[in-house]
Amino acid sequence: MKITVKLKPLSMKKLFSFLIISVTGLCGFSQIAMVDSLKDVISNHEGKLNALDDRVLVNEADLSKLNKIKISGYIQSQWDYYSKDLVKTNEPTNTFYIRRARLKFTYEPADGVKFVLQPDFSTGNLTLKDAYAVVNVPFLKDWTLWAGQFNRPDYEVEYSSSQREVLERSRFIRAIYPGEREIGAKMEYIGSIIPLKFQLMVMNGDFTGTTAKDVDSKKDIMTRLVYSVKMPSAGLGIDFGVNGYFGGNRAKTNQYVLESNGVLDSTNVGDYLKKQWYGAEIQIFADVLGGLALKGEYVAGTNSTPSTISATSTMAQKMASPNTVMNFSGYYVYLIKNIGSKNQFVAKYDYYDPNTKLSGDAAGANVYYKTLTLAWQYYLNDNIRISVNYEMPQNEKSASVKNIAGTGDTQLKDNTLGIRIQAKF
Amino acid sequence: MKSINKTTAILMILTLFSGSAFAQDKITVKGSDTMIILAQKWAELYMKNNKTSIIQVTGGGSGVGITALINGTTDIANASRQMKQAEIEKLKARYNTLGVEIRCAKDGVTIFLNEANKVNELTLKQLSDIYTGKIRNWKELGGNDAEIRLYGRENSSGTYVFFHDEVVKADYSSDVQSLPGTAAVVNAVKKDVNGIGYGGAAYSVGVKQALVKKDANSKAYTPTAESIAKNDYPITRYLYMYLRNRPTGETKKYIDWILGPEGQSIVTEVGYFPVK
C-alpha cells in the first residue's frame with residue numbers, strides 16, 4: 001500500500017508560517033534568556049567592579065599615606081692617605097672607611113607639618129643625627145617653628161655634607177659647633193616677599209652628640225639674619241648676613257679656669273663660663289661661563305670648654321686639666337667653579353686661632369691653623385659624585401707642636417688626600 | 426715633536442668645542458603639563474624652520490621639570506609657577522647659580538564648570554571654601570541642590586601649587602580628585618554636571634568658564650586677552666621657562682624666537698596670552 005501525502009499550496013504556507021513563528025518564538029525566547037544571562041553577567045561584573053573600586057579606594061588611601069613619607073639618604077665611602085706626622089707609631093698611612101651612611105625619613109601628614117628622623121649608620125657608629133618636627137606657625141605667614149634635634153643656624157653647619165664641595169667643614173666650625181646639631185627649639189622666617197631669612201634658636205648649649213639632657217638651667221641662644229640680593233640681568237646673586245651666639249657652660253667639677261692670657265685663675269664650681277661670639281657671612285653666586293661661587297664667613301668671640309676631670313681629683317690634677325675660656329677667631333673662604341655640568345673645581349682657605357691673645361710657644365697647644373684645601377668633584381649622574389680632596393693644614397710654630405710631631409719639627413706634616421664616592425638617593 | 430703636541434692640543438680643543446656645539450643643537454624641555462601644548466607647538470614650528478635643531482618636549486608637571494633641571498637631565502624646565510626658594514637653594518648648591526627665569530606667556534587659571542551648571546560667578550573666597558571643603562553643595566552658591574564634585578591636579582603640578590598659594594590658601598579638601606593633566610580635568614567636568622575644575626585657559630573647550638571676582642563687591646571677569654593684559658582677571662599668572670645658566674648658542678636663539686613676534690603669536694593661537 002502506498003500512501004501519498006500531497007500537501008496543498010495553502011498548507012505549505014501554513015507550515016512555513018508555523019515554522020517561522022516557531023523559530024522566531026524560539027529566537028525570542030532564547031533572546032530573552034540571553035538578555036537575562038547578560039544581565040546576570042553584568043550584575044556579576046558590576047559587583048566585582050564595585051569590590052575592585054572599594055579595594056582601589058582603600059589602596060589609594062594607603063598610597064596617599066605612603067606618599068607622605070619620603071625616604072632619602074646617602075653613603076660616603078672614602079679612602080684617605082695621610083702624611084707622615086699624622087701617622088703615629090704602628091698606625092696606617094691610609095685607610096678605607098665609611099664616612100657617612102645616612103637615611104632620612106620625612107613624614108608630611110599635612111601641609112605645613114613635617115617630621116624628620118635621620119640616623120647615621122657609619123660602621124661602629126650608629127647615631128641619631130636629626131629628630132625634629134617643623135610646623136608652619138598659624139597666622140604668621142612665612143614663619144616655622146622647629147623643635148627637636150637639628151642643625152645649629154649657621155651657613156656651613158646647615159649646608160648638607162652631601163652637597164658640600166670639600167670633604168670636611170672648616171676647623172673653627174667643627175670646634176665651636178661640635179656635631180653640628182643641638183637640642184632645642186627654633187623660630188625661622190623665610191620671607192616670600194622680602195628676601196630675608198631670620199633664625200632664632202634656643203638650645204641646651206652643651207650638645208656633643210650624646211648628651212640627651214641639659215646639664216645646667218641656662219639655655220643658649222643663637223640667631224642669624226641673612227638678606228638676599230638678586231641681579232638677574234647680571235646673573236648675580238648675593239646673600240649676606242650676621243649671626244651671634246650667646247650662652248655659656250657651667251664649671252661642673254673644677255674651679256680652675258685657663259683664660260686667653262695663659263693665666264690660671266680660680267672660680268667657683270657651678271659658675272658659668274662665657275660662650276659668646278659674633279659672625280658675618282657672604283655668599284656670592286655668579287653666572288660666569290657656568291656657575292661660580294665665592295663664599296665666606298668670619299666669626300670671633302669667646303668660647304669655653306668645661307673640664308671633665310673628676311670632682312674628687314687632686315688640686316694638681318685639676319690645675320693640669322682646667323676649664324678654658326678663650327678668645328678665638330676663625331674664617332673660611334670658598335672659591336667654587338663649575339666646569340660644564342659634571343665637574344667642579346674648589347679651592348678653600350680656612351683659618352682658626354683658638355686663642356687670639358697668645359701666639360708662638362706661649363699659645364701652648366692652642367696654635368692657629370691655616371688650611372688650604374683643593375678639591376675636584378665629578379658628578380657621574382644624579383646619584384653618584386666622586387670627590388678628590390687634598391687638605392694642606394699649616395700650623396702656628398710652637399714648642400708644643402714639636403711634642404705632637406715627635407720629630408722636632410714645628411710644622412706638622414699633616415696633609416691628607418681623600419677620595420670619596422658618594423651615592424645619594 | 427712640539428708642533429705635533431701643539432696640533433694635537435688644538436685638535437682636542439676643537440673637538441671639545443665642536444662637540445659642545447653639536448650638543449647644543451639638541452634642546453630638551455621638560456615640565457609643566459599646562460604648557461605642553463604650547464611647548465610642543467613652539468618646538469614643532471621652530472624645528473620646521475631650523476632643520477638642524479632638535480627640540481625634545483616632555484611633560485610631567487612643573488615640579489618634575491624643575492627637579493630635572495636641578496638633576497641636569499633637562500636644559501629647560503617649563504613651569505606654570507615660580508621656582509620655590511628650596512629649589513633655588515638646590516640649584517645654588519649644585520651649579521652655583523640662581524637659575525634664569527624667563528616669562529614666556531601669561532595665563533588665567535580658569536574655573537571650569539559643566540555647561541548645565543546654573544552657577545556662573547564665583548569669588549576667590551568661595552573658590553577657597555569650595556576647594557577646602559567648606560562649601561559642599563551648589564545650593565549654597567545659587568545652584569542646584571547637588572553635592573559639588575571637585576577635580577584638581579596632582580601635587581607635582583605647578584597649577585596645583587599656584588592655585589593652592591593664590592586661591593585656596595589652606596589644605597585642599599581630601600575629596601578633590603587629582604587628575605593627570607588639565608585635559609583630564611576638563612574632560613571630567615564636561616561629563617559631570619556637578620563638577621568643578623581649574624587649569625590653564627587653553628584647555629577650556631566644551632565646558633563653561635566661571636566668571637571670577639576678587640570679592641563680592643568686585644566686577645567678575647573671565648580670562649580674556651583684555652582682562653589678562655590689564656591683570657583684571659583675579660587668577661592671572663605668568664608661565665615660565667627656567668634654565669641653569671644664562672642661555673647661549675642654540676638655546677638662546679630658541680628662547681629669543683619664543684619671545685619674539687612669531688613665538689608670541691603661537692601663544693595666542695594656542696589659547697594663552699602674550700607676555701607683552
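Protein sequence lines, in the order shown, are assigned to chains C and W.
FYI, this note's numbering numbers position 187 of the first sequence as 187, with every residue one higher than the one before it.
Counting from 1 along the second sequence, just add 425 to a position and that's the residue number in this note's numbering.
Glycine included, every Cβ here is placed at the ideal spot set by N, Cα and C.
It should be emphasised that the depicted structure is a prediction, and the values quoted were computed from it without experimental measurement.
Element boundaries [beta strand (DSSP E), containing residue i]
{"i": "T123 (chain C)", "result": "Careful: T123 (chain C) lies outside any beta strand (DSSP E) and carries neither H nor E."}
{"i": "V489 (chain W)", "result": "No beta strand (DSSP E) contains V489 (chain W), which is instead part of the alpha helix (DSSP H) from S487 to N496."}
{"i": "L607 (chain W)", "result": "Strictly speaking, residue 607 (chain W) in this sequence is Thr, with Leu absent from that position. Counting along the chain, T607 (chain W) falls outside any beta strand (DSSP E), though it belongs to the alpha helix (DSSP H) covering T607 to K616."}
{"i": "I452 (chain W)", "result": "K451 to G456"}
{"i": "N94 (chain C)", "result": "N94 to A110"}
{"i": "S77 (chain C)", "result": "I69 to Y82"}
{"i": "K701 (chain W)", "result": "Premise fails: K701 (chain W) is in no beta strand (DSSP E) and is neither H nor E."}
{"i": "Y369 (chain C)", "result": "Y369 to Y379"}
Min CB distance residue i to chain W below 8 Å
{"i": "I111 (chain C)", "result": "In the sequence as presented, Ile is not what sits at residue 111 (chain C); that position holds Asp. Chain W contact via Cβ: present."}
{"i": "S161 (chain C)", "result": "no"}
{"i": "D54 (chain C)", "result": "no"}
{"i": "D206 (chain C)", "result": "no"}
{"i": "L292 (chain C)", "result": "yes"}
{"i": "F432 (chain C)", "result": "Beyond the ends of chain C as shown, which are 1 and 425, falls residue 432 (chain C); an answer cannot be given."}
{"i": "P92 (chain C)", "result": "no"}
{"i": "P153 (chain C)", "result": "no"}
{"i": "S72 (chain C)", "result": "no"}
{"i": "G296 (chain C)", "result": "no"}
{"i": "P178 (chain C)", "result": "no"}
Backbone CA spacing between residue i and residue j [nearest angstrom]
{"i": "L636 (chain W)", "j": "V630 (chain W)", "result": "15 Å"}
{"i": "G179 (chain C)", "j": "I75 (chain C)", "result": "18 Å"}
{"i": "F207 (chain C)", "j": "S72 (chain C)", "result": "25 Å"}
{"i": "I691 (chain W)", "j": "G296 (chain C)", "result": "47 Å"}
{"i": "K615 (chain W)", "j": "M472 (chain W)", "result": "35 Å"}
{"i": "K342 (chain C)", "j": "K451 (chain W)", "result": "18 Å"}
{"i": "N642 (chain W)", "j": "S581 (chain W)", "result": "34 Å"}
{"i": "N136 (chain C)", "j": "G112 (chain C)", "result": "5 Å"}
{"i": "V489 (chain W)", "j": "G583 (chain W)", "result": "9 Å"}
{"i": "F105 (chain C)", "j": "S599 (chain W)", "result": "24 Å"}
{"i": "G558 (chain W)", "j": "E182 (chain C)", "result": "40 Å"}
{"i": "D142 (chain C)", "j": "P322 (chain C)", "result": "45 Å"}
{"i": "R164 (chain C)", "j": "A518 (chain W)", "result": "8 Å"}
{"i": "K638 (chain W)", "j": "M508 (chain W)", "result": "27 Å"}
{"i": "D617 (chain W)", "j": "T453 (chain W)", "result": "37 Å"}
{"i": "M231 (chain C)", "j": "Q394 (chain C)", "result": "38 Å"}
{"i": "I194 (chain C)", "j": "L225 (chain C)", "result": "13 Å"}
{"i": "M203 (chain C)", "j": "A212 (chain C)", "result": "12 Å"}
Any chain C beta carbon closer than 8 Å to residue i
{"i": "A502 (chain W)", "result": "no"}
{"i": "R574 (chain W)", "result": "no"}
{"i": "R578 (chain W)", "result": "no"}
{"i": "D596 (chain W)", "result": "yes"}
{"i": "A609 (chain W)", "result": "no"}
{"i": "L523 (chain W)", "result": "yes"}
{"i": "G497 (chain W)", "result": "yes"}
{"i": "Y663 (chain W)", "result": "no"}
{"i": "E526 (chain W)", "result": "yes"}
{"i": "R671 (chain W)", "result": "yes"}
{"i": "K564 (chain W)", "result": "no"}
{"i": "K476 (chain W)", "result": "no"}
{"i": "Y585 (chain W)", "result": "no"}
{"i": "K517 (chain W)", "result": "yes"}
Boundaries of the alpha helix (DSSP H) in which residue i is found, first to last residue
{"i": "W563 (chain W)", "result": "Per DSSP, W563 (chain W) belongs to no alpha helix (DSSP H) and is neither H nor E."}
{"i": "E675 (chain W)", "result": "G674 to L684"}
{"i": "K517 (chain W)", "result": "Q510 to Y520"}
{"i": "N474 (chain W)", "result": "I461 to N474"}
{"i": "K218 (chain C)", "result": "It is not in any alpha helix (DSSP H) - K218 (chain C) carries neither H nor E in the DSSP assignment."}
Local Cβ density within 10 Å of residue i, reported as buried at 16 or more and exposed below that
{"i": "M34 (chain C)", "result": "exposed"}
{"i": "Q31 (chain C)", "result": "exposed"}
{"i": "L289 (chain C)", "result": "exposed"}
{"i": "S170 (chain C)", "result": "buried"}
{"i": "A502 (chain W)", "result": "buried"}
{"i": "P138 (chain C)", "result": "exposed"}
{"i": "Q118 (chain C)", "result": "buried"}
{"i": "A613 (chain W)", "result": "buried"}
CB contact check: residue i to chain D, cutoff 8 Å
{"i": "S387 (chain C)", "result": "The structure shown has no chain D; the protein chains it does contain are C and W."}
Quick check on the DSSP output: what are the complete alpha helix (DSSP H) runs of length 4 or more inside the stretch 530-589 of chain W, in order along the chain? 549-557 and 583-588
At 3 residues or longer, what runs of the beta strand (DSSP E) sit wholly inside the stretch 168-215 of chain C? 181-190 and 196-203
Which complete alpha helix (DSSP H) runs does the stretch 384-408 of chain C hold, if anything under 4 residues is left out? 399-405
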